[in-house]
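J.: Shown below is the structure under consideration.
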Amino acid sequence: MTRKTIKLLNTQETVTLLTLHLGTPVAWGAFLADIRRTPREGIPVPSLHGLRLRPYAQYGQVALYRPCDLKDFIDAVRTADPGIKAASKPAFYVVEDHGELQPWQWRKARPAIHPTEPAALLKRAA
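Residues in the sequence shown are numbered from 0 upward in steps of one, following numbering that gives the first Met the number 0.
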């Protein structure tokens, strides 16, 4: 037996990366949970284009995945379905904020034109 220290991703990190790189063609959390279950008679193990992402190890009840396995899975899914879209980048908004006591319904927002310049956005909103 050999011991080694390697980087592993928990299920939540894996779901986040799958969503960022592949979008949401399936509910990733449920997809990974179904793959981890022991196959029961008559119930097929789920796959996406015939591909499965299996955990590498576990820590208690938490499944852990290797980043290289995750990358290989993402590349294989993209090869199998070139039309798959990654999730959209987080949207930035300019918000008219008049204090913490104001209800959320009263805070007006509009899409930011240049989200890479937050200081300029704050000046424009003022």
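For each residue, glycine too, the CB sits at the ideal point set by N, CA and C.
Have a look at GLN60 and GLU12 and give me their C-alpha separation to the nearest angstrom.
T.: Distance between the alpha carbons of GLN60 and GLU12 is about 15 Å.
J.: Look up GLN11 in the DSSP assignment and say whether it is helix, strand or coil.
T.: Looking at GLN11 - three-state DSSP - the assignment turns out to be helix.
J.: Based on DSSP bridge pairs, tell me the residues matched to TYR55.
T.: None, per the DSSP bridge assignment.
J.: Go ahead and label PRO54 buried or exposed: buried means 16 or more other beta carbons lie within 10 angstroms of its beta carbon, across all protein chains shown.
T.: PRO54 is buried by the Cβ-count criterion.
J.: Would you call the CB atoms of HIS48 and VAL14 closer than 8 Å?
T.: No, they are not a contact pair.
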